[in-house]
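One structure is given below, encoded as structure tokens.
Numbering (the numbering used here), first residue to last: 1 to 95.
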């Protein structure tokens, strides 16, 4: 296997890849993954496939906005994704 190109890509972007490590360790698993966003995109994709073809862009936008409103009002939208107290303590200790 010739992985030189892959190794160069990882080597050139290692700082960007490890950016999440500058945050408190309690946030690492939440920052390095975007499961919430991926779940929302899958749900929108599933619902648009059911409809098939939209008469115009406004109809598609209304479907997406309705789903976003539902998630924001649901328990998933109310749940805190990150505990900001960890960030506050990090900034206080730096000063």
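C-beta: ideal position from N, C-alpha, C; glycine also.
In the structure shown, the three-state DSSP call for residue 91 is helix.
Taking a C-beta distance under 8 Å as the contact criterion, residue 64 and residue 44 qualify as a contact pair.
Here residue 59 carries a helix assignment [DSSP, helix/strand/coil].
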